[in-house]
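Below is one structure; the comments refer to it alone.
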Amino acid sequence: MPESDSRGFVKEASDRWNAAFNGGDAAAVAALYTEDATVLPHTHAVVKGTAAIADFWAGLISAGVKDHGIELLGVEEGGNLAFSHGKWRATGLAEDGKAVRFEGTIVTIFRKQGDGSWKICLHTWN
Numbered sequence: 808m809p810e811s812d813s814r815g816f817v818k819e820a821s822d823r824w825n826a827a828f829n830g831g832d833a834a835a836v837a838a839l840y841t842e843d844a845t846v847l848p849h850t851h852a853v854v855k856g857t858a859a860i861a862d863f864w865a866g867l868i869s870a871g872v873k874d875h876g877i878e879l880l881g882v883e884e885g886g887n888l889a890f891s892h893g894k895w896r897a898t899g900l901a902e903d904g905k906a907v908r909f910e911g912t913i914v915t916i917f918r919k920q921g922d923g924s925w926k927i928c929l930h931t932w933n
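Last residue of the sequence shown: 933 (our numbering), numbering continuous.
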């Protein structure tokens, strides 16, 4: 698949992820992952499987994290796997209740599904 094609589906997936998260819908976020997906947060334990992933994102949403965005810097694809890397940003609340901006780098690996769609199988950031 040419980079422009893989970049297109990764951009669409990122947009769907951001829309679901920013809309407060942790179940819709989790639906973008494979059933056996792994999320590797740098400040939490490893999260595995869509139910645990939904709970993890629900916790961040309920803690006031919002305005999530992703700037894609690169996309590669080969066979049934594709990966992207970029920068992420979000707004949350500090302990004093004031808004604080979070940002870092992100790597997401996608696996092609039997129906031709792509879902996240590994997601990590700092």
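The beta carbon of each residue, even a glycine, is placed where N, CA and C say it ideally should be.
It should be emphasised that the depicted structure is a prediction, and the values quoted were computed from it without experimental measurement.
Whole-Å CB distance - residue i paired with residue j, under 8 Å assumed
i, j, result
"W932", "G899", "About 14 Å separates the two Cβ atoms, so there is no contact after all."
"Y840", "I860", "5 Å"
"G866", "L879", "Rounded, the Cβ-Cβ distance is 26 Å, inconsistent with contact."
"H875", "F917", "The Cβ separation is near 18 Å, so there is no contact."
"K873", "A901", "So it is not a contact: roughly 14 Å between Cβ atoms."
Reduced DSSP category for residue i - H, G, I as helix; E, B as strand; rest coil
i, result
"G831", "coil"
"T898", "strand"
"Q920", "coil"
"V836", "helix"
"V817", "helix"
"G856", "coil"
"A870", "coil"
C-alpha distance - residue i paired with residue j, whole-angstrom precision
i, j, result
"G831", "I877", "17 Å"
"R814", "T845", "22 Å"
"L887", "W864", "For the sequence presented, residue 887 should be read as Asn rather than Leu. Approximately 26 Å, taken between the alpha carbons."
"F816", "A889", "10 Å"
"L929", "A834", "17 Å"
"A838", "T857", "7 Å"
"E819", "D922", "17 Å"
"G881", "H851", "26 Å"
"F909", "W895", "8 Å"
"S924", "E884", "14 Å"
Beta-ladder partner(s) of residue i, from DSSP
i, result
"A844", "Paired residue(s): none; A844 is not in a bridge."
"E878", "K894"
"A889", "E884, F917"
"T931", "L847, V914"
"W925", "K919"
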